[in-house]
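Colleague: Numbering (our numbering), first residue to last: 1 to 666.
For every residue, glycine included, the Cβ atom is placed at its ideal position computed from N, Cα and C.
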Amino acid sequence: MSETPHNNIESTLVENRLFEPSSNMVASAAISGMGGYNALCQEAADDFEGFWAKRAKQHLHWSKPFTKVLDESNAPFYTWFDDGELNASVNCLDRHMGTPTEHKTAIIFEADDGQVTKVSYRDLLTRVAKFANVLKAQGVQSGERVMIYMPMTIEGVVAMQACARIGATHSVVFGGFSAKALQERAIDIGAVAIVTANYQMRGGKELPLKAIVDEAMALGGCDAIHTVIVYQRTQTAVNMVAGRDYFMHDLEAVASEQCEPEMVNAEHPLFVLYTSGSTGKPKGVQHATAGYLLWAKMTMEWTFDLKDSDVFWCTADIGWITGHTYVAYGPLAAGATQIVFEGVPTFPNAGRFWQVIERHKATIFYTAPTAIRSLIKASTSDESVHPKNSDLTSLRIIGSVGEPINPEAWMWYHRHVGGERCPIVDTFWQTETGGHMITPLPGATTLVPGSCTLPLPGIMASIVDEAGHDLPHGAGGLLVVKRPWPSMIRNIWGDSARFKKSYFPDELGGTTYLAGDGAVRSEERGYFRITGRIDDVLNVSGHRMGTMEIESALVAHTDLVAEAAVVGRPDDLTGEAIVAFVVLKGARPEGEEAQRIAKILRDWVGKEIGPIAKPKEVRFGDNLPKTRSGKIMRRLLRNLANGEAITQDISTLENPAILDQLLKPL
Ligand code: WT7
1 MSETPHNNIE STLVENRLFE PSSNMVASAA ISGMGGYNAL CQEAADDFEG
51 FWAKRAKQHL HWSKPFTKVL DESNAPFYTW FDDGELNASV NCLDRHMGTP
101 TEHKTAIIFE ADDGQVTKVS YRDLLTRVAK FANVLKAQGV QSGERVMIYM
151 PMTIEGVVAM QACARIGATH SVVFGGFSAK ALQERAIDIG AVAIVTANYQ
201 MRGGKELPLK AIVDEAMALG GCDAIHTVIV YQRTQTAVNM VAGRDYFMHD
251 LEAVASEQCE PEMVNAEHPL FVLYTSGSTG KPKGVQHATA GYLLWAKMTM
301 EWTFDLKDSD VFWCTADIGW ITGHTYVAYG PLAAGATQIV FEGVPTFPNA
351 GRFWQVIERH KATIFYTAPT AIRSLIKAST SDESVHPKNS DLTSLRIIGS
401 VGEPINPEAW MWYHRHVGGE RCPIVDTFWQ TETGGHMITP LPGATTLVPG
451 SCTLPLPGIM ASIVDEAGHD LPHGAGGLLV VKRPWPSMIR NIWGDSARFK
501 KSYFPDELGG TTYLAGDGAV RSEERGYFRI TGRIDDVLNV SGHRMGTMEI
551 ESALVAHTDL VAEAAVVGRP DDLTGEAIVA FVVLKGARPE GEEAQRIAKI
601 LRDWVGKEIG PIAKPKEVRF GDNLPKTRSG KIMRRLLRNL ANGEAITQDI
651 STLENPAILD QLLKPL
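(1) Pair every Cβ in the region 302-309 with every Cβ in the region 422-442, then say whether three or more of these pairs are closer than 8 Å.
(2) I need the straight-line Cα distance from Val241 to Ala211, nearest angstrom please.
(3) Name the DSSP beta bridge partners of Ser300, please?
(4) Look at the alpha carbon of Gly701 and the alpha carbon of Arg185, and state the distance between them as a whole number of angstroms.
(5) Measuring CA to CA, which of Lys377, Thr363, Ala111 is closest to Pro369?
(6) Compute the distance between the beta-carbons of Ser394 and Ala362, then report whether it is under 8 Å.
(7) Please look up how many angstroms separate the CB atoms of Phe109 and Thr153, rounded, as I've assumed it's under 8 Å.
(8) Please decide whether Asn87 counts as near chain B, where near means a Cβ-Cβ distance under 8 Å.
(9) Closest to Ala691 by C-alpha separation, out of Ser462, Leu560, Val134, would be which residue?
(10) Leaving out the 5 sequence neighbours to the left and right, which residues in its chain are closer than 6 Å to Arg17 when beta-carbon positions are compared?
(11) Using the Cα positions of Asn639 and Leu573, report the straight-line distance between them to the nearest angstrom.
(12) Where Gln430 and Met633 are concerned, what is the direct C-alpha to C-alpha distance, given to the nearest angstrom?
(13) Between Asp71 and the rest of its own chain, which residues show a CB-CB distance below 6 Å, the 5 nearest in sequence each way excluded?
(14) Quick check on this structure: which residue in Ala30, Pro615, Glu262 has the alpha carbon closest to the alpha carbon of Thr289?
(15) For my contact list, Ala328 and Ile321 are in at a C-beta cut-off of 8 Å; report their separation, rounded to the angstrom.
(16) Exposed or buried, Leu663, counting other C-beta atoms within 10 Å across all chains shown (16 or more means buried)?
(17) Going by the C-beta, is Cys452 closer than 7 Å to any heavy atom of the ligand WT7?
(18) Quick one: residues in its chain with C-beta nearer than 7 Å to the C-beta of Leu554, no 5 flanking neighbours on either side, listed in chain order?
(19) Measuring CB atoms only, is the region 323-337 touching the region 85-93, in the sense that at least three cross pairs come out at less than 8 Å?
(20) On the criterion of 16 or more Cβ atoms from any shown chain inside 10 Å, does Arg596 qualify as buried, or is it exposed?
(21) Spatial neighbours of Glu10 within its chain, please: CB distance less than 6 Å, with the 5 preceding and 5 following residues excluded, ordered by chain position.
(22) Under 8 Å, do Ala164 and Gln258 count as touching if we go by C-beta distance?
(23) Tell me whether Glu403 counts as near the ligand WT7, meaning its Cβ is closer than 7 Å to at least one heavy atom of that ligand.
(24) Taking the straight line between their C-alpha atoms, what separation do you get for Lys626 and Thr511?
(25) Could you give the DSSP three-state label for His226: helix, strand or coil?
(26) In the region 39-75, which residue ranges form an unbroken alpha helix (DSSP H) of at least 4 residues, counting only runs that do not cross its ends?
(27) Which residues in the same chain as Thr652 place their Cβ atom closer than 6 Å to its Cβ, once the five residues preceding and following it in sequence are excluded?
(28) Identify every run of the alpha helix (DSSP H) within the region 304-357, keeping only runs that are complete inside it and at least 4 residues long; order them along the chain.
(29) Would you call Ser496 buried or exposed, if buried means 16 or more other Cβ atoms sit within 10 Å of its Cβ?
(30) Less than 7 Å between the CB of Arg544 and some heavy atom of the ligand WT7, yes or no?
(31) Less than 8 Å separating the beta-carbons of Ala56 and Phe66?
(32) Using DSSP with H/G/I as helix, E/B as strand and the rest coil, what is Val579?
(33) Assuming Gln286 contacts Arg490 (C-beta within less than 8 Å), just tell me the rounded distance between them.
(34) Going by other Cβ atoms of all chains shown within 10 Å of its Cβ, with 16 needed for buried, is Ile397 buried or exposed?
(35) Pick helix, strand or coil for Trp485, following the three-state DSSP scheme.
(36) For Phe174, which residues of its own chain have a beta-carbon under 7 Å away from its beta-carbon, when the five flanking residues on both sides are left out?
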């Protein structure tokens with residue numbers, strides 16, 4: 001908490017333009033005009049619990065109605081709707097049976113190679129029920145944990161929903177994480193089963209998943225895992241361990257299509273999703289069933305103004321929170337037709353996103369700034385992949401998520417993808433918040449490029465100083481949320497002390513949620529702008545990475561590395577880039593030798609964590625810049641990584657000569 005925000009994505013373009021919502025949108029939107037927005041905010045302010053209770057009754061199907069709303073007696077371990085019972089898969093699937101949605105397309109799946117498969121809500125329920133029976137037959141019980149290490153496929157969504165149906169808590173690990181990362185998470189959560197695929201298809205390449213599961217198991221410690229279920233995505237054979245590994249289709253062939261859902265308490269952990277924090281160990285963010293699902297559904301209707309006729313497309317992988325809330329749960333709870341896309345934005349060419357939108361007539365498109373920036377770049381050098389070559393007139397709302405969107409990228413997105421017609425919802429939220437927190441509303445908010453604008457009704461976001469005092473508009477400070485909300489993180493799996501310390505620090509009174517981002521509100525409108533993380537968390541291509549995690553991975557190469565420090569620096573394409581400063585056990589390498597060792601270390605980090613964590617740059621020094629008490633001066637390293645002049649006082653620096661060694665890229 002002591003460090004000042006350092007992720008200053010500066011922009012060369014000063015954007016003063018305002019974009020008013022169209023009168024059509026205001027007339028038809030779920031939240032209509034600022035009047036509509038203000039009325040909801042007032043309702044939440046006047047009767048906070050009543051505001052939420054009303055919506056929990058209206059949006060969710062309860063097998064046992066709740067009588068309590070918010071329980072703050074054990075703050076910050078808040079609970080919501082605690083004596084109610086429900087099932088998440090019933091609320092995403094069964095609820096639509098017997099309604100016109102039953103035969104509506106739930107998922108339009110477009111595979112990496114362009115092949116399309118559609119499933120209706122009815123089909124999806126059948127598949128989920130069948131797979132839920134498979135899990136049960138394998139001995140998975142309510143309350144137990146199941147790892148999911150799957151590609152972006154219908155089967156990935158089925159696996160998540162099936163866990164929910166039997167009351168098992170899932171933990172999805174992104175398919176780009178390494179065996180080591182998978183093993184650590186499986187051990188931390190005490191998983192009893194893993195659902196995976198033999199391979200995944202990305203950009204025309206077949207990439208292993210099952211082999212990585214085998215490698216993770218071989219690393220040891222996952223003794224509780226008795227079953228590995230393998231979805232056969234491709235025809236390539238994989239090693240199968242007798243008595244442990246089974247093909248999904250073999251088990252499903254003998255499973256019933258009827259599966260009575262397991263009703264669980266509102267607070268039952270629906271899932272745990274690991275994310276990076278400021279220590280080396282990832283945090284298992286635990287979410288509760290009812291509150292999470294309520295907000296997933298409500299934000300589909302508020303932020304995306306979902307209508308029955310919409311074709312919704314969120315490009316996020318199910319391995320991230322965005323793929324949980326806006327692929328696996330939100331769209332289904334809301335009865336939407338959604339696109340699930342297996343591939344990558346650049347295959348077979350960088351016009352793929354636009355082609356998918358045209359092909360399936362997507363009306364709502366939700367992606368990350370990093371994807372937009374890379375597609376801007378691609379279409380600058382190759383006209384044929386420019387969005388103008390595709391018919392994007394079906395779009396009516398476009399969204400951004402995961403990192404600040406720079407005004408240049410915003411303007412391009414607005415002009416070339418949104419046809420100057422679609423509002424951009426720049427949604428600020430986090431793994432911990434479960435769903436959107438601060439975002440424009442398509443039929444209410446005047447847009448300012450680069451600003452996530454205003455908190456959703458019921459979300460009591462504020463900006464405070466380090467002592468928790470409110471700051472005036474225009475002053476940068478800590479982003480906090482002063483009242484609990486239903487979809488908030490419930491705990492860090494197995495580490496309540498870390499939960500309290502990370503999110504509800506005593507300095508802020510112990511009950512205020514600390515987001516971990518810096519923010520500032522505009523003088524004119526009170527709009528929020530996120531200035532970046534205030535902790536040692538980086539955002540690389542919208543992927544959250546802890547600097548300590550990467551440092552731990554580097555020093556784990558005990559043959560080579562004596563010491564390492566990792567910082568982020570702004571990057572035009574990826575938002576932030578990882579720069580590692582390394583002290584080797586041997587002599588400081590130069591020239592080609594330095595390049596060679598840098599590559600070894602980058603590959604090593606790829607193996608330890610996953611390719612997304614590979615440093616963009618490695619620099620070697622005889623030592624790291626330290627104070628006389630031995631503390632690494634990270635601020636200085638950030639200056640060096642950035643190529644900035646050192647203007648600050650370095651008189652406390654033990655070894656100023658080191659700076660010269662670390663000044664230049666290899
Ligand atoms: C961090 C959370 C949100 C789901 C995907 C990422 C940054 C997220 C925005 C935005 C500026 C943003 C924050 C936040 N972030 N959305 N619209 N504008 N920054 O979830 O991996 O938990 O990362 O992403 O720094 O703390 P996550």
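Modeller: The relevant details are as follows:
(1) Here the region 302-309 lies against the region 422-442, with 3 or more beta-carbon pairs under 8 Å apart.
(2) Here residue 241 refers to the residue found at position 241 when the sequence shown is read from its first residue. Here residue 211 refers to the residue found at position 211 when the sequence shown is read from its first residue. Approximately 11 Å between the Cα atoms of the pair.
(3) Translated into the one-based positions of the sequence shown, residue 300 becomes position 300. A quick correction: the sequence has Met, not Ser, at residue 300. Paired residue(s): none; Met300 is not in a bridge.
(4) Outside the displayed range of the chain (1 to 666) lies residue 701, so it cannot be described from this structure.
(5) Taking the first residue of the sequence shown as 1, we reach residue 369 at position 369. Selected option, being the one with the closest Cα: Lys377.
(6) Start at 1 with the first residue of the sequence shown, and residue 394 comes out as number 394. Start at 1 with the first residue of the sequence shown, and residue 362 comes out as number 362. Judged by beta-carbon spacing, Ala362 lies within the 8 Å limit of Ser394, meaning their Cβ atoms are closer than that value.
(7) Working through the sequence shown from its first residue, we reach residue 109 at position 109. Working through the sequence shown from its first residue, we reach residue 153 at position 153. Correct: roughly 7 Å between the Cβ atoms.
(8) No chain B appears in the structure shown, which is made up of a single protein chain.
(9) As shown, the chain starts at 1 and ends at 666. That puts residue 691 outside it, with no answer to give.
(10) In the sequence shown, the residue the question calls residue 17 occupies position 17. Short of 6 Å from the beta carbon of Arg17, and not among the five residues preceding or following it, lies no beta carbon of its own chain.
(11) One-based indexing of the sequence shown puts residue 639 at position 639. One-based indexing of the sequence shown puts residue 573 at position 573. Between Asn639 and Leu573, the alpha-carbon positions lie close to 19 Å from each other.
(12) Here residue 430 refers to the residue found at position 430 when the sequence shown is read from its first residue. Here residue 633 refers to the residue found at position 633 when the sequence shown is read from its first residue. Going by the C-alpha atoms only, they are around 28 Å apart.
(13) In the sequence shown, counting from the first residue as 1, residue 71 sits at position 71. The answer, listed in chain order, is Thr79, Asp82.
(14) Residue 289 sits at position 289 when you count from the first residue of the sequence shown. Thr289 has its Cα closest to that of Glu262, out of Ala30, Pro615, Glu262.
(15) Looking up residue 328 in the sequence shown gives position 328. Looking up residue 321 in the sequence shown gives position 321. Between Ala328 and Ile321 the beta-carbon gap is near 10 Å, outside 8 Å, which marks them as no contact.
(16) Mapped onto the sequence shown, residue 663 falls at position 663. Per the 10 Å Cβ criterion, exposed.
(17) As a first step, residue 452 is located in the sequence shown; it is residue number 452 there, counting from the start. For the ligand WT7, at least one heavy atom lies less than 7 Å from the Cβ of Cys452.
(18) In the sequence shown, the residue the question calls residue 554 occupies position 554. Only Val561, Ala564, Ala580, Val582, Leu601, Val605 meet the Cβ criterion.
(19) Because the criterion of three Cβ pairs below 8 Å is met, the region 323-337 and the region 85-93 touch.
(20) The sequence position of residue 596 within the sequence shown is 596, counting from 1. Around the C-beta of Arg596, fewer than 16 other C-beta atoms lie within 10 Å, and the residue is accordingly described as exposed.
(21) If you number the sequence shown from 1, residue 10 lands on position 10. A caution first: Glu10 carries a pLDDT of 38, below 50, which makes its placement in the model unreliable, though a value can still be read off. Closer than 6 Å at Cβ, skipping near neighbours: no residue.
(22) Within the sequence shown, numbered from 1, the residue matching residue 164 stands at position 164. Within the sequence shown, numbered from 1, the residue matching residue 258 stands at position 258. No, these two residues do not count as a Cβ contact at 8 Å.
(23) Within the sequence shown, residue 403 is the residue found at index 403, counting from 1. Yes, the beta carbon of Glu403 sits closer than 7 Å to at least one heavy atom of the ligand WT7.
(24) One-based indexing of the sequence shown puts residue 626 at position 626. One-based indexing of the sequence shown puts residue 511 at position 511. One C-alpha to the other measures close to 36 Å.
(25) Taking the sequence shown and counting its residues from 1, the one referred to as residue 226 is at position 226. Shown here, His226 sits in coil according to DSSP, grouped into three states, outside any helix or strand.
(26) If only uninterrupted alpha helix (DSSP H) runs of at least 4 residues are considered, those enclosed by the region 39-75 are 48-59.
(27) For the purposes of this step, residue 652 is taken as the residue at position 652 of the sequence shown. The answer, listed in chain order, is Thr627.
(28) Counting only runs of 4 or more, we get 330-333.
(29) Numbered from 1 along the sequence shown, position 496 holds the residue referred to as residue 496. When all chains shown are included, Ser496 counts as exposed.
(30) Here residue 544 is taken as the residue at index 544 of the sequence shown, counted from 1. The answer is yes for Arg544.
(31) Position 56 of the sequence shown, counted from the start, is the residue given in the question as residue 56. Position 66 of the sequence shown, counted from the start, is the residue given in the question as residue 66. Against a cut-off of 8 Å, the Cβ pair of Phe66 and Ala56 comes out as a contact.
(32) Taking the sequence shown and counting its residues from 1, one reaches residue 579 at position 579. Val579 falls in the strand class under three-state DSSP.
(33) Within the sequence shown, residue 286 is the residue found at index 286, counting from 1. Within the sequence shown, residue 490 is the residue found at index 490, counting from 1. Cβ atoms of Gln286 and Arg490 come within 8 Å of each other, at about 5 Å.
(34) Within the sequence shown, residue 397 is the residue found at index 397, counting from 1. With 16 or more other Cβ atoms within 10 Å, it is buried.
(35) Within the sequence shown, residue 485 is the residue found at index 485, counting from 1. If DSSP states are grouped into helix, strand and coil, Trp485 belongs with coil.
(36) In the sequence shown, counting from the first residue as 1, residue 174 sits at position 174. Within the same chain, Phe174 has close Cβ partners Asp317, Gly319, Trp320.
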